[in-house]
Amino acid sequence: MIRFFNTLSRKLEPFRPLDPGKVKLYTCGPTVYDYAHIGNFRAYIFEDLLKRFLKFMDYEVIQVMNITDVDDKTIKGAQSEGLELEDYTKKYIQAFFEDLESLNIDKADYYPRATEHILDMAKMITGLMNKGFAYRQDGSIYFRISKFPNYGRLSGMDLAKLKPGQRTEADEYEKESVQDFALWKTKKEGEPFWETDIGAGRPGWHIECSVMSSKYLGQTFDIHCGGVDNIFPHHENEIAQSEAYSGKKFVNYWLHCRHLIVDGEKMSKSKGNQYTLRELLEKKHDPAALRLLLLATHYRKMLNFTFAGLRQAEASLQRIRDFIYELENRKFKKEENKDIPKLVEKTRKKFIEGLSNDLNISVSLTALFEMIRRVNINLAKEKLGPKNAEELLSLIYSFDKVLALLPEKEKTSLSVDIEEKIKAREKARAEKNYELADKIRQELLESGVVLEDTKDGVRWKIKKSK
RNA sequence: GGCGCGGUACCCAAGUGGCUAAGGGAGAGGUCUGCAAAACCUCGAUUCGUCGGUUCGAAUCCGACCCGCGCCUCCA
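Taken in order, the first sequence gives residues 28 to 493; the numbers are from the working numbering.
Encoded structure:
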């Protein structure tokens, strides 16, 4: 049984999708005004883990991730660079998809863009006005929170105690209540706008998710994810809009991940600790190691990113890779170890149990590493057969459908030049000319190739980064 | 001020009433090796922020305190 912690109830709940065997998943996507930073990717990787695990458990998953390509920040960014909005966001949308690929994040089925759903938004807003949930004020349209009694349920906010924040904008003075939020912002000089039935203007932020989720997943769907900062007001507002409009329950399970901090401090541009994936890749960090680092801490726990932590993740990952390398490259005797099938089953069971319990990845990784240790002991004693190795490999690769840490095509080949050098070194060693052999080994190391002399002969690896 | 989360070894991190407090990294010792490196093995917290309480029994439950962090109108 799979259980998730539902923000709505603040409890672990058994997961039961609307349609058995099928999961409809909506994940809040990026606002494309800049390159995404590692904090953003913590959320996307958590969502990826969720999705991959559901697929691993034989669910069919339909995932929608929105792309917010019109809002205050994208508009401001486009203005400051003197670009059309679309030309400005294009670059970051493309970068976003490249980053997803670097981190081996499974593609969503739909990536709807806000700017491509303006008419759908106008339609929903009209519906909300007809039902009395929205009103027009100076051309803009606001959601009337007082009409929606469940407002605040997701976040546990008590409306009466809500203090208006400091960022309340001056141009929103005219609302009936400070807490009412904009569905539609009337056309403003110098800003992009759309001509629609409800007038010329642009959408408020929250409406896009209500519109696009229902369009691709239906008015009620299974899971909605995002970072904790989205709980209030964004997801609260989505619920209000969607349920007011449809009269149906919007989402059954709300899953939110906590934030990532850097060196114990909140990430912020002014502190200079806001890393993008690109920056880390430029510093030659392994994207798979970053993926492991972001994956390995439970999603509802705060994650403190440090470079020491990243190096530890690199080392952990190397342990898995070396294990696979052994299984794939050793010459096994014919004799099979009868205990291995039992170990495989036990490991598979624990791996699944871990993730089934609100994505407790630590338990699952423990299962994997425990197995690696046990098998290594047998490996050292040469108590492993070819079938054993095959079975173990197939288990690890099945886990990797969830973890996605092992790129499939990692068959790097060496240049002829380097192969020549390895051969030359072998010759030198055979002649006991160790001085020359060591010199060649050092040269290869400097070009990133590590040589290891084993019983079965020399073997090489590409040096891990750093 | 309101609501909420967390403090487990040198670092990361499971465990949330009772078998030896997982696992990874780092470190130390060993195997292997021409020597290395890599890999592998072994070792490692009488103790879970502090102080009280409940209990036959607490890292786990309760209370107080200390420390760190998040949200409170467009930040994942």
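Glycine is no exception: its CB is placed at the ideal position from the N, C-alpha and C atoms.
Residues 422 of the same chain have their beta carbon placed closer than 7 Å to that of residue 375, with the five preceding and five following residues left out of the count. For residue 134, the closest C-alpha among the options 142, 125 and 229 is that of 125.
Distances from the CA of residue 64 to each of 289, 90 and 178 were compared; the closest alpha carbon is that of 289. With respect to the C-alpha of residue 155, the residue from 30, 131, 41 and 210 having the closest C-alpha is 210. With contacts defined by Cβ atoms closer than 8 Å, residue 316 and residue 335 do not form a contacting pair.
Within the same chain, and ignoring the five residues on either side of residue 223 in sequence, the residues whose Cβ sits closer than 7 Å to its Cβ are 145, 146 and 149. For residue 406, the uninterrupted alpha helix (DSSP H) segment begins and ends at 388 to 407. Judged by DSSP secondary structure, residue 429 falls within the alpha helix (DSSP H) whose first and last residues are 413 to 430. Beta-bridge pairing by DSSP links residue 167 to 164. Residue pairing from DSSP places residue 226 in a beta bridge opposite 223.
The C-alpha of residue 480 is placed about 39 Å away from the C-alpha of residue 79.
Relative to the Cα of residue 464, the nearest Cα in the group 420, 455, 271 and 471 belongs to 455. Comparing C-alpha distances from residue 471 to each of 484, 457, 489 and 460 shows the shortest one belongs to 489. By the criterion of a C-beta distance shorter than 6 Å, residue 413 is surrounded in its chain by 359, once the five residues flanking it on both sides are discounted. Out of 36, 109, 219 and 29, the CA that lies nearest to the CA of residue 85 is found in 29. Boundaries of the beta strand (DSSP E) around residue 41: 38 to 41.
Here the stretch 243 to 250 lies against the stretch 273 to 283, with 3 or more beta-carbon pairs under 8 Å apart.
Per the Cβ contact rule, the stretch 94 to 113 is in contact with the stretch 228 to 236 (3 or more Cβ pairs under 8 Å). About 7 Å separates the Cβ atoms of residue 230 and residue 141, confirming a contact at the 8 Å cut-off. In the three-state reduction of the DSSP assignment, residue 302 falls in the coil class, being assigned neither a helical nor a strand state. Residue 62 sits close to residue 119, with the two beta carbons spaced by under 8 Å. Rounded to whole angstroms, residue 282 and residue 108 show a C-alpha spacing of 36 Å. In the three-state DSSP reduction, residue 157 falls in the helix class (H, G or I).
Sixteen is the threshold: when 16 or more other Cβ atoms of the shown chains lie within 10 Å of the Cβ of residue 105, as they do, the residue is buried. By the neighbour-count criterion, in which a residue is buried when 16 or more other Cβ atoms sit within 10 angstroms of its Cβ, residue 416 is buried. Membership of residue 485 in the beta strand (DSSP E) is indicated by the continuous run 484 to 489. If you draw a straight line from the Cα of residue 295 to the Cα of residue 286, it comes to about 12 Å. Under a 10 Å Cβ-count criterion, residue 67 is classified as buried, with 16 or more other Cβ atoms of the shown protein chains found around its own Cβ. Looking at the backbone, the Cα of residue 253 and that of residue 59 are separated by about 16 Å. For residue 453, the enclosing alpha helix (DSSP H) starts and ends at 443 to 457. Remark: fewer than three beta-carbon pairs, one from each stretch, lie closer than 8 Å, so the stretch 254 to 271 and the stretch 297 to 306 are not flagged as touching. Look at residue 92 here: in three-state DSSP terms it is strand.
Inter-residue distance for residue 313 and residue 469 is about 23 Å (C-alpha atoms, whole angstroms). Residue pairing from DSSP places residue 282 in a beta bridge opposite 252. The criterion of a C-beta distance shorter than 8 Å is not satisfied by residue 218 and residue 162. Per DSSP, residue 342 has no beta-bridge partner at all.
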